[in-house]
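Counting with mature numbering (1 follows the signal peptide of the UniProt record, and there is no 0), you get residues -23 to -1, 1 to 619 for the letters of the sequence shown.
Glycine residues also receive a C-beta, built at the ideal position from the N, C-alpha and C atoms.
From a predicted model like this one, the values you see are computed outputs, not experimental measurements.
For reference, the structure discussed in these notes is given below.
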Amino acid sequence: FSFLQERLRYVLGLLLLLPSTSSFYVPGVAPINFHRNDPVEIKAVKLTSSRTQLPYEYYSLPFCQPSKITYKAENLGEVLRGDRIVNTPFQVSMNVEKKCEVLCNFPNKPVTLTVEQSKLIAERIREDYYVHLIADNLPVATRLEFYSNREEEEKKKEKDVQFEHGYRLGFMDGNKFYLHNHLSFILYYHREDVEESQEHTYRVVRFEVIPQSIKLEDLKADEKSMCTLPEATGSAPQEIDPTKENQLLFTYSVHWEESDIKWASRWDTYLTMSDVQIHWFSIINSVVVVFFLSGILSMIIIRTLRKDIANYNKEDDIEDTMEESGWKLVHGDVFRPPQYPMILSSLLGSGIQLFCMILIVIFVAMLGMLSPSSRGALMTTACFLFMFMGVFGGFFAGRLYRTLKGHRWKKGAFCTATLYPGVVFGICFVLNCFIWGKHSSGAVPFPTMVALLCMWFGISLPLVYLGYYFGFRKQPYDNPVRTNQIPRQIPEQRWYMNKFVGILMAGILPFGAMFIELFFIFSAIWENQFYYLFGFLFLVFIILVVSCSQISIVMVYFQLCAEDYRWWWRTFLVSGGSAFYVLIYAVFYFVNKLDIVEFIPSLLYFGYTALMVLSFWLLTGTIGFYAAYMFVRKIYAAVKID
């Protein structure tokens, strides 16, 4: 199995080599062995804040810079996430302690921040920014200790430890701003077993930081860049006054500790979630609810259908005199092509494309090949898969378009290749303009945008055309009954057969099956958490597919019983009803969980949420549509029609 994983990783690596970055590798796959005194490079990734949702690169603030700044070549996913990995002047050597060292090269001369720089730092502290560093591809974390139980006796016994990603840039006390200018790095190493004659090798297995704010006067620095830290009780923090110039020293210390953690499980600290039980609870809950409802629905539908079909197929004389009622009545109109067949087939083609992409991404991630240690791999893989799945999207769209008596296949293929991706690109471009205006590293650079457009028109479009051509040439879906020439009149419908009521009713079950998972996905996207529970997500995805299909079948059955044969568009809209609940949940999450107040962060949140809701609607609508279509063909094939 491990061999298979390696091969898959290799193939994935080759796939991910395709974008313009030349020196791409899949990080986190091969461990790096260090000897004592070997340099351990510390790099900066970015600054982030869940209040503004705008990442900035490390040197956008006046931190100490090395003599030569070099940026790491990045993959597509890292660029889209706003990572700008760059070297820093921290000098860290394997298993070598440092008590306190001044960071910038002039020990006796403190760094002077101009009024502009002081203002900028104060603003970033007010906006609650975190700094993200990495050592040997491990992100830095701040340890948070708190007491789990409120009882006094328990308090003394055990502390709960959780880790926060990155470290806070500074803190506020009243209206004063304080900068964390001293960093105490604590690195943990695992000593590898070697033969006696060989030198010991070490591997970095954890990277923690304790940020401190220490006033310039309290840091005693000498000629050799060494400094002495004051006693913890007597030191004052380093204030940043945004109205004037400020003088300070940037300092750091390094402490090494041996650890039993093996290299393979070094990410566990970052991924430990105290909420795994919630996950299991939610999944068991979803499974029980879905299977219970499935059982009830299947029984009702199968029994009712059997009764219907038996009645319709009785060949007694009495039958001829009786008036037909229910869904058999509309047999001559049920396969009548809907309005706008080209747009319907295009949207369904994009839905198939999304479905294939999401299924493969979740499955590959579940096998552990897209872990957070491979930065940006998830995003890169998703982009490429969406492009390549255009073949399937085109094929299904083309075949359906032919079934719906469409003739202009070239126009249909173009519509499939550009409708949904065009909306996504348009929204992202508008949001990107706002991010550019803020000079954030989250803005997609112009060359990357051109590369994405080239991928869209150079990979996705031709593949959609190819799939569409073969789908359109293939035999159309075989409808079991003929369509009448004159459409029959539709009786007046009851209030509960209204489209919007249908959307509300159909969306509850699929949304209920997955909303707890949605909370964790939102936290990962908007609060800089790691999301890695792809095994859970795969289960939830299967439950979602099952529940969407069932609800869609029930809704279409009720609709046909009410003698309304216009089910094509309606099924697609109603099956995507859970997307409406996702939208409501996103608004609830924005109001209750995030403290975003400014205009641009709010715009970003709702812009990206709109994209998520649209994609989710396409996905669930497509699943429901195909389930309903198969069901309708099945039931009409089972009745005898003269």
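Who are the Cβ neighbours of Leu560 in its own chain at under 6 Å, not counting the five residues just before and after it? Locating residue 560 in the sequence shown gives position 583, counting from the first residue. Cβ within range, chain order: Val590.
Got a sec? Which residues, its chain only, sit under 6 Å from Phe162 by beta carbon, not counting five neighbours each side? Looking up residue 162 in the sequence shown gives position 185. Exclusion of the five residues before and after Phe162 leaves Val186, Val231 as the residues of its chain whose Cβ lies within less than 6 Å of its Cβ.
To the nearest angstrom, report how far apart Thr395 and Thr380 are at their CA atoms. Reading the sequence shown from its first residue, position 418 is the one you call residue 395. Reading the sequence shown from its first residue, position 403 is the one you call residue 380. Rounded to the nearest angstrom, the two C-alpha atoms are 22 Å apart.
In angstroms, rounded to a whole number, what distance separates the CA positions of Asn461 and Phe549? Numbered from 1 along the sequence shown, position 484 holds the residue referred to as residue 461. Numbered from 1 along the sequence shown, position 572 holds the residue referred to as residue 549. Using only the alpha carbons, I get a separation of about 24 Å.
Just how far apart, CA to CA, sit Ala241 and Ser348? The residue given as residue 241 occupies position 264 in the sequence shown. The residue given as residue 348 occupies position 371 in the sequence shown. About 12 Å.
Pop quiz: Ala483 and Val517 are said to be a contact at Cβ under 8 Å. What is the actual Cβ separation, rounded to whole angstroms? Taking the first residue of the sequence shown as position 1, residue 483 is located at position 506. Taking the first residue of the sequence shown as position 1, residue 517 is located at position 540. Taking 8 Å as the upper bound for CB-CB distance, Ala483 and Val517 are not in contact here, some 18 Å apart.
For Asn72, count neighbouring Cβ atoms within 10 angstroms of its own Cβ and tell me buried if that reaches 16, exposed if not. One-based indexing of the sequence shown puts residue 72 at position 95. Classification of Asn72: buried, given that the 10 Å Cβ count is 16 or more.
Just curious, the beta strand (DSSP E) that Arg168 is in, first and last residue? To locate residue 168, count along the sequence shown from 1; it is residue 191. Looking at the DSSP string, the run of the beta strand (DSSP E) that includes Arg168 is 159 to 168.
Identify whether Val307 lies in helix, strand or coil by the three-state DSSP scheme. By one-based count along the sequence shown, residue 307 stands at place 330. The answer is helix: DSSP assigns Val307 an H, G or I state.
Based on DSSP bridge pairs, tell me the residues matched to Cys204. Position 227 of the sequence shown, counted from the first residue, corresponds to residue 204. Partner(s): Ala198.
Hey, out of Leu581, Val551, Glu469, whose CA is closest to Ile528's CA? Numbered from 1 along the sequence shown, position 551 holds the residue referred to as residue 528. Ranking the options by Cα distance to Ile528, first place goes to Val551.
Do Ala359 and Val338 come within 7 Å of each other at the CB atom, strictly closer than that value? For the purposes of this step, residue 338 is identified with residue 361 of the sequence shown, where counting begins at 1. For the purposes of this step, residue 359 is identified with residue 382 of the sequence shown, where counting begins at 1. Yes.
From the DSSP output, in three-state form, read off Phe361 for me. Against the sequence shown, residue 361 aligns to sequence position 384. In this structure, Phe361 counts as helix in the three-state DSSP scheme.
Can you name, in chain order, every residue of its own chain whose Cβ lies under 7 Å from the Cβ of Pro457, other than the five neighbours on each side? On the sequence shown, position 480 is the one that residue 457 refers to. Once the five neighbours on either side are set aside, the close Cβ partners of Pro457 are Arg610, Tyr613, Ala614.
Could you round the C-beta distance between Met319 and Ser437 to whole angstroms and report it? I think they count as a contact, below 8 Å. By 1-based counting over the sequence shown, the position of residue 319 is 342. By 1-based counting over the sequence shown, the position of residue 437 is 460. Actually they are not in contact, since the Cβ atoms of Met319 and Ser437 sit about 18 Å apart, beyond 8 Å.
Three-state secondary structure (DSSP) of Asn262: Indexing the sequence shown from 1 puts residue 262 at position 285. Helix, per DSSP.
So which of Val181, Gly353, Gly414, Thr586 has the shortest CA-CA distance to Ile238? Along the sequence shown, read from residue 1 onward, the residue named residue 238 stands at position 261. Residue Val181 is the option with its Cα nearest to Ile238.
Buried or exposed: Cys525, going by 16 or more other Cβ atoms within 10 Å of its Cβ? Within the sequence shown, the letter at position 548 stands for residue 525. Result: buried.
DSSP state of Ala587 mapped onto helix, strand, coil: One-based indexing of the sequence shown puts residue 587 at position 610. The answer is helix: DSSP assigns Ala587 an H, G or I state.
Residue(s) in a DSSP beta bridge with Leu121: Within the sequence shown, residue 121 is the residue found at index 144, counting from 1. For Leu121, which the question treats as bridged, DSSP gives the partners Gln139.
Output needed for Leu57: all residues of its chain with C-beta closer than 6 Å, excluding positions within five of it in sequence on either side, in chain order. Position 80 of the sequence shown, counting from 1, holds the residue named residue 57. Met356.
What number of angstroms, rounded off, separates the C-alpha of Pro4 from the C-alpha of Glu234? Taking the first residue of the sequence shown as position 1, residue 4 is located at position 27. Taking the first residue of the sequence shown as position 1, residue 234 is located at position 257. With a pLDDT of only 43 at Pro4, under the threshold of 50, the placement of this residue in the model should not be trusted; the figure read from the coordinates follows. If I take the Cα positions, the gap works out to 24 Å.
Look at the Cβ atom of Leu80, then the Cβ atom of Cys41, and state whether they are nearer than 7 Å. For the purposes of this step, residue 80 is taken as residue 103 along the sequence shown, with counting starting at 1. For the purposes of this step, residue 41 is taken as residue 64 along the sequence shown, with counting starting at 1. Going by C-beta atoms, Leu80 is nearer than 7 Å to Cys41.
Let's see if you can read the secondary structure: which residues bound the beta strand (DSSP E) around Phe148? Within the sequence shown, the letter at position 171 stands for residue 148. Where Phe148 is concerned, the enclosing beta strand (DSSP E) stretches over 147 to 150.
Compute the Euclidean distance between the alpha carbons of Arg465 and Val401, then round it to the nearest angstrom. Numbered from 1 along the sequence shown, position 488 holds the residue referred to as residue 465. Numbered from 1 along the sequence shown, position 424 holds the residue referred to as residue 401. Each residue's Cα considered, the two are about 39 Å apart.
With a threshold of 16 other CB atoms inside 10 Å of the CB of Gln470, please say whether the residue is buried or exposed. Within the sequence shown, numbered from 1, the residue matching residue 470 stands at position 493. It counts as exposed.
May I have the straight-line CA-CA distance separating Asn569 from Ile255, to the nearest angstrom? Here residue 569 is taken as the residue at index 592 of the sequence shown, counted from 1. Here residue 255 is taken as the residue at index 278 of the sequence shown, counted from 1. Using only the alpha carbons, I get a separation of about 20 Å.
Where His256 falls: helix, strand or coil (DSSP): Here residue 256 is taken as the residue at index 279 of the sequence shown, counted from 1. Helix.
Close Cβ partners of Phe507 (< 7 Å) along its chain, the five nearest in sequence each way excluded: Counting from one through the sequence shown, the residue named residue 507 turns up at place 530. Within the same chain, Tyr247, Leu248, Pro349, Ala501 come within 7 Å of Phe507 by CB-CB distance, once the 5 residues on both sides are set aside.
Unbroken stretches of the alpha helix (DSSP H), 4 residues or longer, contained in the segment 554 to 588: 554 to 569
Three-state class that DSSP yields for Trp233 in the structure shown: The residue given as residue 233 occupies position 256 in the sequence shown. In this structure, Trp233 counts as strand in the three-state DSSP scheme.
Which one of His308, Phe332, Asp572, Glu194 has the shortest CA to CA distance from Phe227? Within the sequence shown, numbered from 1, the residue matching residue 227 stands at position 250. Comparing Cα-Cα distances from Phe227 to each of His308, Phe332, Asp572, Glu194, the minimum goes to Glu194.
Same chain, Cβ closer than 7 Å to Ser212, five either side skipped, listed in chain order: Counting from 1 along the sequence shown, the entry for residue 212 is found at position 235. Correct list, in chain order: Ile191, Lys192, Asp195.
Would you decide whether Met334 is buried or exposed? Buried here means 16 or more other CB atoms lie within 10 Å of its CB. Sequence index remark: in the sequence shown, residue 334 carries index 357 (1-based). The C-beta of Met334 has 16 or more other C-beta atoms within 10 Å across all chains shown, which makes the residue buried.
N- and C-terminal bounds of the beta strand (DSSP E) containing Phe184: Start at 1 with the first residue of the sequence shown, and residue 184 comes out as number 207. Run containing Phe184: 179 to 189, per the beta strand (DSSP E) assignment.
Whole angstroms is fine: what's the gap from Gly512's alpha carbon to Phe492's? Taking the first residue of the sequence shown as position 1, residue 512 is located at position 535. Taking the first residue of the sequence shown as position 1, residue 492 is located at position 515. If I take the Cα positions, the gap works out to 16 Å.
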